[in-house]
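Enquirer: If you're matching positions, the sequence shown starts at 65 in this note's numbering and goes up one per residue.
Heads up, the beta-carbon is just placed ideally off N, CA and C, and yes, glycines get one too.
Only a predicted model underlies this, so the values are computations on that prediction, with no experimental measurement involved.
Structure incoming, see below.
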Amino acid sequence: MIHAHVTAWLLALILFVVALSLHKKGNEKGFKILHMIIRVLYLIIIATGIGLLTQVYHIDWKYILKAVGGLWVIGSVEMILSRVAKNRRTSVFWVQFVVAFILVLYLGFAVLPMSIFRP
Ligand code: HEM
């Protein structure tokens with residue numbers, strides 16, 4: 065489950081970068097298709113995240129913060145993509161994306177116990 069979770073958000077992150085570069089090059093069709101695929105990945109990230117939560121015996125505030133932070137990352141990615149599509153400003157959402165992403169990486173890799181690096 066943890067591998068599926070990490071694979072899903074890594075893939076979403078890569079496609080996010082590719083989608084933004086396609087938009088920069090004026091490839092609107094490619095951008096739209098990637099945006100759809102990224103939306104499907106949100107669902108997989110959330111489903112695997114909930115799957116991981118069901119394995120936790122005692123869900124404390126760190127898990128709640130991890131889950132809320134993960135949803136915040138997804139929300140900011142979606143805001144950036146939908147605003148880029150309309151050629152609107154995205155700076156506020158970039159700040160949120162960076163803050164939320166750092167928080168979630170810190171909690172996921174350094175604080176919470178499950179890990180892809182341990183069997
Ligand atoms: C883009 C959004 C997200 C990112 C970047 C992300 C990132 C991560 C990372 C880095 C880990 C730790 C992997 C490891 O230690 O090998 C992790 C684990 C986890 N994530 Fe997410 N996550 C996201 C969304 C979510 C959501 C929405 C939920 C809940 C609904 C969630 C719940 C969990 C849980 C429960 C764990 C296991 C924590 C543990 O016990 O170590 N994540 N995630």
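Taking 7 Å as the threshold (C-beta atoms), are GLY133 and LEU167 in contact?
Expert: Yes, the Cβ-Cβ distance between LEU167 and GLY133 is below 7 Å.
Enquirer: Rounded to the nearest angstrom, how far is the Cβ of HIS99 from that of ALA111, given a contact under 8 Å?
Expert: HIS99 to ALA111, Cβ: 19 Å. No contact.
Enquirer: Cβ of PHE173 within 6 Å of any heavy atom in ligand 1?
Expert: Yes.
Enquirer: Please tell me whether TRP136 and ALA174 are closer than 7 Å, where the distance is taken between their beta carbons.
Expert: Contact: no.
Enquirer: Around the C-beta of LEU117, are 16 or more other C-beta atoms found within 10 angstroms, so that it is buried, or is it exposed?
Expert: Classification of LEU117: exposed, given that the 10 Å Cβ count is below 16.
Enquirer: What span of residues does the alpha helix (DSSP H) with ALA131 cover, start to end?
Expert: Element bounds for ALA131: 125 to 149.
Enquirer: For LYS130, which residues from the same chain have a beta carbon less than 7 Å from its beta carbon, with the 5 sequence-adjacent residues on both sides left out?
Expert: Taken in chain order, the residues that qualify are VAL168, LEU171, GLY172 and LEU176.
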